[in-house]
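Numbering follows numbering that gives the first Met the number 0, in which position 133 of the sequence shown is assigned residue number 132; successive positions increment by one, without gaps.
Where is the CB? At the ideal position from N, CA and C, for every residue including glycine.
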Amino acid sequence: MTDLPKSIQINEEGPREGFQFEKGPIPTNRKIELVDALSKTGLRQIQVCSFVPPKNVPGMADADEVVKGFTRYPGIRYTALWLNEKGLQRALAAGKLDVKGSIALTASETFLRRNQNRSMQENIEAQRRIIEMYRQHNVPVERGSILDVHA
């Protein structure tokens, strides 16, 4: 057991993941309160929201307001999720987020159609456009993901 790491880092995604699935609206101020409360727990990274179309994910309709409203604490990375260029533009415009690049491909066209309404080829093209935006804005790419490998 000596090969275990001395520490781990928990990347909290509860605000983003949880708010999008709750039935009924959660008031914006309650979302902000949760992000602020999580900021006081010792976490080093919190994913605050998703910049996605409100018609697809009504729980994220107030993402811009949540980002404006939370208090930044030193030593914490505040991140967001985006799936397209418009979402990335919103994240960059927010000015309070630690924007780090991510490239996301999927192993399942069915999942991709349901989740982003794209074909595999459309997603590859979208990722190329996002990579170009990363270059234009000096956003480092830190992660590559393959989504839904079990579908």
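- Secondary structure note for residue 115: it is in no beta strand (DSSP E), and the uninterrupted alpha helix (DSSP H) holding it is 108-115.
- Leaving aside the five residues that flank residue 70 on each side, the residues in its chain whose CB is nearer than 6 angstroms to its CB run, in chain order, 35.
- In the same chain as residue 83, and ignoring 5 residues on each side of it, the C-beta atoms closer than 7 angstroms to its own belong to 125, in chain order.
- The alpha-carbon of residue 89 is positioned some 7 angstroms away from that of residue 50.
- Assignment of beta-bridge partners to residue 100 by DSSP yields 140.
- As summarised for the segment 20-82, the continuous beta strand (DSSP E) elements at least 3 residues long and confined to that stretch are 44-50, 76-81, given in chain order.
- Sixteen is the threshold: since fewer than 16 other Cβ atoms of the shown chains lie within 10 Å of the Cβ of residue 143, the residue is exposed.
- Residue state for residue 130 is assigned as helix, using DSSP reduced to three classes.
- Sequence-distant Cβ neighbours of residue 105 in its own chain, meaning closer than 6 angstroms and more than five residues away, are 111, 146, 147.
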